[in-house]
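Taking it in order: structure first as structure tokens, then the write-up.
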Amino acid sequence: MRNKDVGRHRTFSNDIPNSKLLQYTEKLIRSIKKRIEKNIRFELMMVIGICFLIAFIFYSFSNNLFKREHTEPQIKYDYDSIERSANDLAKQIESQENLKLEDKDKINDILENVSDGEESYITDLDGKVLYKTKNVAEENIDIYSALKSAMTNVNSEKIGEPREKSYIMPLKIGTDRVYLIYSKIPEARITYNTISTSNSSLALILTVIVFIVLFVVITNNKMKYLDEIAVGLKIIASGNLNYRIEEKGTDEIKNIAYNINQMAKEIGEKISAERDAEKTKADLITNVSHDLRTPLTSVMGYIGLVIQNRYKDEKEMEEYLNIAFNKAERLKLLIDDLFEYTKLNNSGITLTKTKVNLAEFLSQLIEELTPLLDENKLTIYKKFESEKISVSIDTLKMLRVFENIITNAIKYSYKPGEILIGLYEKDDKAIVVFRNKGDHLSKEKSEKLFDRFYRLDESRNTNTGGSGLGLAISKNIVELHDGKIWAESVGNNISFYVQLNL
Numbered sequence: 001m002r003n004k005d006v007g008r009h010r011t012f013s014n015d016i017p018n019s020k021l022l023q024y025t026e027k028l029i030r031s032i033k034k035r036i037e038k039n040i041r042f043e044l045m046m047v048i049g050i051c052f053l054i055a056f057i058f059y060s061f062s063n064n065l066f067k068r069e070h071t072e073p074q075i076k077y078d079y080d081s082i083e084r085s086a087n088d089l090a091k092q093i094e095s096q097e098n099l100k101l102e103d104k105d106k107i108n109d110i111l112e113n114v115s116d117g118e119e120s121y122i123t124d125l126d127g128k129v130l131y132k133t134k135n136v137a138e139e140n141i142d143i144y145s146a147l148k149s150a151m152t153n154v155n156s157e158k159i160g161e162p163r164e165k166s167y168i169m170p171l172k173i174g175t176d177r178v179y180l181i182y183s184k185i186p187e188a189r190i191t192y193n194t195i196s197t198s199n200s201s202l203a204l205i206l207t208v209i210v211f212i213v214l215f216v217v218i219t220n221n222k223m224k225y226l227d228e229i230a231v232g233l234k235i236i237a238s239g240n241l242n243y244r245i246e247e248k249g250t251d252e253i254k255n256i257a258y259n260i261n262q263m264a265k266e267i268g269e270k271i272s273a274e275r276d277a278e279k280t281k282a283d284l285i286t287n288v289s290h291d292l293r294t295p296l297t298s299v300m301g302y303i304g305l306v307i308q309n310r311y312k313d314e315k316e317m318e319e320y321l322n323i324a325f326n327k328a329e330r331l332k333l334l335i336d337d338l339f340e341y342t343k344l345n346n347s348g349i350t351l352t353k354t355k356v357n358l359a360e361f362l363s364q365l366i367e368e369l370t371p372l373l374d375e376n377k378l379t380i381y382k383k384f385e386s387e388k389i390s391v392s393i394d395t396l397k398m399l400r401v402f403e404n405i406i407t408n409a410i411k412y413s414y415k416p417g418e419i420l421i422g423l424y425e426k427d428d429k430a431i432v433v434f435r436n437k438g439d440h441l442s443k444e445k446s447e448k449l450f451d452r453f454y455r456l457d458e459s460r461n462t463n464t465g466g467s468g469l470g471l472a473i474s475k476n477i478v479e480l481h482d483g484k485i486w487a488e489s490v491g492n493n494i495s496f497y498v499q500l501n502l
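Using UniProt numbering, the first residue of the sequence shown is number 1, and each one after it goes up by one.
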């Protein structure tokens, strides 16, 4: 039982490295795949590698396909066996102990044992034949000619007539030095050689064609995508800045499409901003002309009456001058608001922020506005979730925001009535709410409240409203604080919200 447990433990231990190796391999493959997908260079290298591999396989296959084999008979002559027989005969003679040149019987027996067709001589140094096989007729041999013939008689295995092969070997029999001459015509043997022929040039041409076709097919989608980008670029260049190129893949080509889209978007936004700026200028001139003309006409009219002495008495003259002065003050207020709005809209103001307790800040403002509230028969109720909510604000600028909102609430509230001012925290934001009862505002009007020169009084009567820039200025100030301002109307409850960062 213990041995089984040990075996299981070893098997488990062996599986751990294999598992780690598998995980590492999978991780490496994912990494390579991700890198290939994101890098067009690696992608191209991979495509070329695949095309080359397939083309190589195709070349091997086509080369074998075009290969033709045929057999040719060939006659070869066995010269090697002649050399072996000559050496064997020489060794046999030299191996005989106490053999002397006079031992005719022994030497003749050795020579007679050679096969038919073989010629053997034993000569002295002068070429005189001392011993020979029966098929030899010569009595004297020219040793010089025999040596020359043996040296020039080169092996040949070519088809043709066989040539006799001769070997001359010096021997020593007893104390005598002699020559052994061995000659034989080689035996012929027929062999069949398989000869292969292939059309490698055709296989190579087809392989190149396969490589090109594969490369075109595999890269076809990329080339189509590049064509789409080129077409999209032409459309954008023609002025259609709303056109967007489809972003495909994860490589550099997709980044090109993304950058082109971003370029078109930014150019479109800049052109749109320029158009809006031009429209703003035109609207500003129109609205300013309208809003300045009425008070200016009144000022000129009443001063003209005084200059022309067209008044009954001094009391009427003072009344005319007071009216002209009030109109001039409203004119100054409009110009001041216009100047303030222009500075805010063009980022011409730097905020001076300090840490302020919002509850105390709002309470102080309410006290300052109490006479105006009493005059309009309105009461303010505070509903602060916490007395310790602090924010970093430019106090003078934010004071104007809150004054504008409360002044509007006083102006458009039902009288007598109540104004609720609330303060609470939500999602790390401080939110101040101003709520009063008044005529219901449609969603469209609620969204337009913060537009420049917008008044609820569509007749643009300056007697019933301000410059029309108060809430637009308030919006710019709040946005400079990275905050948000909006209005809501539910039934007769009209609420303004100011959201600031804690």
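For every residue, glycine included, the Cβ atom is placed at its ideal position computed from N, Cα and C.
Find out if the Cβ-Cβ distance for the pair residue i, residue j is shorter than 8 Å.
i    : j    : result
F450 : K475 : yes
F66  : S196 : no
A257 : E247 : yes
A188 : Y79  : no
T342 : D394 : no
L378 : I419 : yes
K383 : G422 : yes
I366 : E425 : no
V306 : L331 : no
G174 : K100 : yes
Output the distance between the C-alpha atoms of residue i and residue j, rounded to the nearest integer angstrom.
i    : j    : result
S166 : N87  : 12 Å
E488 : I406 : 15 Å
R460 : D336 : Confidence in R460 is poor, its pLDDT being 47 and thus under 50, which makes the residue's placement too unreliable to answer from.
S386 : G301 : 54 Å
G304 : D313 : 15 Å
N492 : V356 : 33 Å
N108 : T133 : 8 Å
K443 : F339 : 29 Å
K222 : L202 : 31 Å
I229 : S238 : 14 Å
Y192 : G117 : 27 Å
I48  : L241 : 37 Å
T297 : F434 : 37 Å
I205 : I218 : 20 Å
W486 : A328 : 32 Å
E375 : I349 : 35 Å
P416 : S392 : 35 Å
L333 : E319 : 21 Å
E157 : P73  : The predicted position of E157 is uncertain, since its pLDDT is 44 and thus under 50; a value taken from the coordinates is nonetheless stated next. Looking at the two C-alpha atoms, the distance is approximately 13 Å.
L369 : A359 : 16 Å
R275 : Q364 : 43 Å
Y381 : D439 : 20 Å
P295 : N326 : 9 Å
L180 : I75  : 30 Å
Count the other C-beta atoms from every protein chain shown that fall within 10 angstroms of the C-beta of residue i, then say buried if there are 16 or more, exposed otherwise.
i    : result
V178 : buried
P371 : exposed
Y414 : exposed
V213 : exposed
P186 : buried
A324 : buried
Y144 : exposed
F56  : exposed
E97  : exposed
L500 : buried
V208 : exposed
V6   : Caution applies to V6, whose pLDDT of 47 falls short of 50 and renders its modelled position unreliable; the model cannot decide the point.
Y131 : buried
P170 : exposed
F402 : buried
S60  : exposed
A282 : exposed
Who pairs with residue i in a beta bridge, going by DSSP?
i    : result
S120 : Y182
P73  : Y192
E425 : A430
Q499 : I431 and K484
E418 : T379
F384 : L423
V356 : V391
L305 : L305 pairs with nothing; no bridge assigned.
Y131 : I122
L171 : V178
T197 : R68
N436 : I419 and I494
May I ask you to check if the CB of residue i is nearer than 7 Å to at least one heavy atom of the ligand NAP?
i    : result
I229 : The ligand content of the structure shown is nil, which means the ligand NAP is not present either.
Thinking residue i and residue j are a contact (beta carbons under 8 Å), I'd like their distance in whole angstroms, please.
i    : j    : result
Y225 : I253 : 6 Å
K184 : E138 : Contact doesn't hold; Cβ gap of about 16 Å is too wide.
V114 : T123 : Actually they are not in contact, since the Cβ atoms of V114 and T123 sit about 16 Å apart, beyond 8 Å.
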